[in-house]
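Q: Would you mind keeping the following structure in view while I ask a few things?
Chains as they are written, first to last, in our numbering: chain A, 155 to 479; chain B, 155 to 479.
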């Protein structure tokens, strides 16, 4: 790195499985990156040590010192105290009990450190660099094991009063139904990877009863879980039962999206996770429900697209935090 | 008026029944006000003429001329083109077909004129001067014949991509049910004055069948509509059937509020219209449903209160528009 001005951004993405540290001069371009397993079972000290040493090593490799750091950004799951910069025992980091990550890193690197939950930072990343580019009012839905959302209003991240805006997974769609977000019949129960797996179990059982053939029957008979990936693979091979499961999940997703359209009137809804892999198989039924359920003009205005950042969203999210969101 | 600096704000509140014009130096304090029937059946020209002459008269009475006007603000029902300042045939002003109110008033008074729909402006007014004072993230629900909302995020009005954010009345609560917002089983169908009247009709019919006495039976037998006001009056006199109707409506309202709490994590929900008159009879069942249905921390954080501006909300809304929202 030629220029030693104070303009280096440091991103730190702490996940339940792995942690990445990275450097950037112009996000989303990453000039150096290191990754290691987080191992939450071992407590936070080891990982925090590796974050510090990883950043020092990258700086040394670039031939610069900590004085070049403009700001650090930490992305991790909530709950967290964004103002004080404390990680408050997220479900995927259950030993990280009140870790003052901001103070630790500011003390080590003599630069400001900001911290934000990964769902909100991911929304900003997709808005700035991914499927939400050019939109003004955007909702970013993460559809993985769970279902969460980040909300951009008038171009800015909207966090809500407890940093908990966008908890779409908790909305009730039906009185009973698959469990998600600790609630039966919730949006997460119906329209997430976990929910889709629950629906698939029942669909395959019903198909076997009626002697309908399906590529998913082997998995079912072996007693193994049917994952969203299995359903997607079978659907792409034309399996009717798998296609019906995707259609049903897409329709439930559509009900959630219609609520977002009527309430937030966004110009873009960007869907990460499953939607990136399944694409229109999932999104077409959802779009159909939006046209049926939501107000006409807002429904016409809102584009529903898959996320674009894929695996790099964690890096981009951490850098957006370092940029000041 | 002593001071002839350019700092007079002019508010214009155009409703389906009446139109008000008013002057203010420091909203929400009104220093002069005139009101006349809008008479939409006669077309817009008469009313627009009265708006102009009304403002001129008030200025003359204050001993100042148009050079003292800082800005004019027009509040009226949507749809409207906020940027061009055109009223586009709102349902309650069906002859006001593309009225360029901004151009007309700017030409007449040589000052900037802003225009905004009354639901959004009402939300700003309650946030600035009413039940939302001091809140950061607020939803203002108008619960009258219909059910609409205005949304404040991080202290600012959030309009959405088509000025249509906050269309809570259009959300589907049930597959069938009372009609509202052109949709059966919608939030407006269940949780509005109109919806409550539909529910009351059925409740009174059922009560009569079971020979349960109710103060509402006379109205029902006379074939007249049972209004929200009738239900409120009977409930306050301890009528059990009326209380059950209020309870049921409050619970449906609670379902809507729980969605708002989970999605927007507001610190305040302010409810105008019926809630001002019915108070806790309506809001207590709603608060109970929020505690049951919404996420714990956001539910604890969000206060649900009646609106405070009452009849003066139209004036305050028009002045907020003149202030630049």
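All C-beta atoms, glycine included, are put in the ideal place defined by N, C-alpha and C.
Starting from the beta carbon of residue 274 of chain B, find every residue of chain A whose beta carbon is closer than 8 Å, and list them in chain order.
A: The contacting residues do not exist; residue 274 of chain B stays about 12 Å from chain A at best.
Q: Quick one: any contact between the stretch 429-442 of chain B and the stretch 186-205 of chain B, if contact means 3 or more CB pairs under 8 Å?
A: They do not touch, by the three-pair rule.
Q: Under the DSSP definition of a beta bridge, which residues are partnered with residue 457 of chain B?
A: Per DSSP, B/422.
Q: For the stretch 278-299 of chain B, which residues have a CB atom closer than 8 Å to at least one CB atom of chain A, in sequence order?
A: Cβ contacts with chain A: 290, 291.
Q: By the criterion of Cβ-Cβ separation under 7 Å, what are the contact partners of residue 326 of chain A in chain B?
A: Ordered by position in chain B, the residues that pass the 7 Å Cβ test against residue 326 of chain A are 447.
Q: So, does the CB of residue 455 of chain B fall closer than 8 Å to a CB anywhere in chain C?
A: As a matter of chain content, chain C is missing from the structure shown, whose protein chains are A and B.
Q: Is there at least one Cβ from chain A nearer than 8 Å to residue 416 of chain B's Cβ?
A: It does; some Cβ of chain A falls within 8 Å.
Q: May I have the straight-line CA-CA distance separating residue 214 of chain B from residue 166 of chain B, to the nearest angstrom?
A: Each residue's alpha carbon lies about 17 Å from the other.
Q: For the stretch 218-242 of chain A, which segments carrying the beta strand (DSSP E) assignment without a break, of at least 3 residues, lie completely within its bounds, in sequence order?
A: Listed in chain order, they are 223-230, 240-242.
Q: For a cutoff of 8 Å on Cβ pairs, would you count residue 315 of chain A as touching chain B?
A: Cβ-Cβ to chain B under 8 Å: yes for residue 315 of chain A.
Q: List the residues of chain A whose Cβ lies closer than 7 Å to the Cβ of residue 266 of chain B, in chain order.
A: The premise fails here: residue 266 of chain B is roughly 21 Å from chain A at the closest Cβ pair, so nothing lies under 7 Å.
Q: Output needed in chain order: residues of the stretch 230-257 of chain A with a Cβ under 9 Å from some Cβ in chain B.
A: The stretch 230-257 of chain A vs chain B, Cβ under 9 Å: 233.
Q: Would DSSP call residue 270 of chain A helix, strand or coil?
A: Strand.
Q: Between residue 420 of chain B and the ligand SAM, is the CB less than 7 Å from at least one heavy atom?
A: Inclusion of the ligand SAM in the displayed structure is not the case, the ligand content being empty and no account of it being possible.
Q: Just checking: is the beta-carbon of residue 475 of chain A within a distance shorter than 8 Å of some beta-carbon in chain B?
A: Not closer than 8 Å to any Cβ of chain B, the Cβ of residue 475 of chain A fails to qualify, so no.
Q: Name, please, each residue of chain B whose Cβ falls closer than 7 Å to the Cβ of residue 307 of chain A.
A: Going along chain B in sequence order, the residues near residue 307 of chain A (Cβ under 7 Å) are 307, 312.
Q: List the residues of chain A whose Cβ lies closer than 8 Å to the Cβ of residue 451 of chain B, in chain order.
A: Chain A residues near residue 451 of chain B: 316, 318.
Q: Shortest alpha-carbon distance to residue 461 of chain A belongs to which of A/386, A/362, A/285, A/328?
A: Considering only alpha carbons, the answer is A/285.
Q: Can you round the beta-carbon distance between residue 479 of chain A and residue 443 of chain A to whole angstroms, since I take them to be within the 8 Å contact cut?
A: Actually they do not touch by this definition, with Cβ atoms about 32 Å apart.
Q: Quick test of the definition: if touching needs 3 or more C-beta pairs under 8 Å, does the stretch 201-216 of chain B touch the stretch 253-266 of chain B?
A: Yes: at least three Cβ pairs fall under 8 Å.
Q: Opposite residue 178 of chain B in the DSSP bridges: which residues?
A: For residue 178 of chain B, which the question treats as bridged, DSSP gives the partners B/163.
Q: Chain B partners of residue 420 of chain A, CB-CB under 8 Å?
A: Per Cβ cutoff of 8 Å: 314, 315.
Q: Would you mind stating whether residue 278 of chain B and residue 303 of chain B have Cβ atoms separated by less than 8 Å?
A: No, these two residues do not count as a Cβ contact at 8 Å.
Q: What residues in the stretch 388-415 of chain A bring their beta carbon closer than 7 Å to a beta carbon of chain B?
A: Of all residues in the stretch 388-415 of chain A, 413 have a Cβ within less than 7 Å of some Cβ in chain B.
Q: From the beta carbon of residue 270 of chain A, is the nearest beta carbon of chain B less than 8 Å away?
A: Taking Cβ atoms only, chain B never reaches closer than 8 Å to residue 270 of chain A, which makes this a no.
Q: Please tell me whether residue 109 of chain A has its Cβ less than 8 Å away from any Cβ of chain B.
A: In this structure chain A extends from 155 to 479, so residue 109 of chain A is not present and cannot be described.
Q: So what does DSSP say about residue 410 of chain B, is it helix, strand or coil?
A: The answer is helix: DSSP assigns residue 410 of chain B an H, G or I state.
Q: According to the neighbour-count rule (16 or more other Cβ atoms, all chains shown, within 10 Å of its Cβ), is residue 404 of chain B buried or exposed?
A: With 16 or more Cβ atoms within 10 Å of its Cβ, residue 404 of chain B is classed as buried.
Q: Going residue by residue through the stretch 264-308 of chain B, where are the continuous alpha helix (DSSP H) segments of at least 4 residues, counting only ones entirely within it?
A: You should have 272-283.
Q: Can you tell me whether residue 171 of chain B is buried or exposed? The criterion is at least 16 other CB atoms within 10 Å of its CB, across all chains shown.
A: Its Cβ having fewer than 16 others within 10 Å, residue 171 of chain B is exposed.
Q: For the beta strand (DSSP E) holding residue 187 of chain B, just list the boundary residues, first then last.
A: That run of the beta strand (DSSP E) goes 186-191.
Q: Nearest by alpha-carbon distance to residue 380 of chain B: which of B/244, B/417, B/351, B/269 is it?
A: When each option's Cα is compared against that of residue 380 of chain B, the closest is B/351.
Q: Just to confirm, is the Cβ distance from residue 458 of chain B to residue 440 of chain B under 8 Å?
A: Yes.
Q: Residue 181 of chain B: buried (16+ other C-beta within 10 angstroms of its C-beta) or exposed?
A: With 16 or more Cβ atoms within 10 Å of its Cβ, residue 181 of chain B is classed as buried.
Q: By DSSP, does residue 311 of chain A sit in helix, in strand, or in coil?
A: Correct three-state label for residue 311 of chain A: strand.
Q: Which residue from B/447, B/194, B/372 puts its Cα closest to that of residue 246 of chain B?
A: Looking at the Cα atoms, B/194 is the closest of the given residues.
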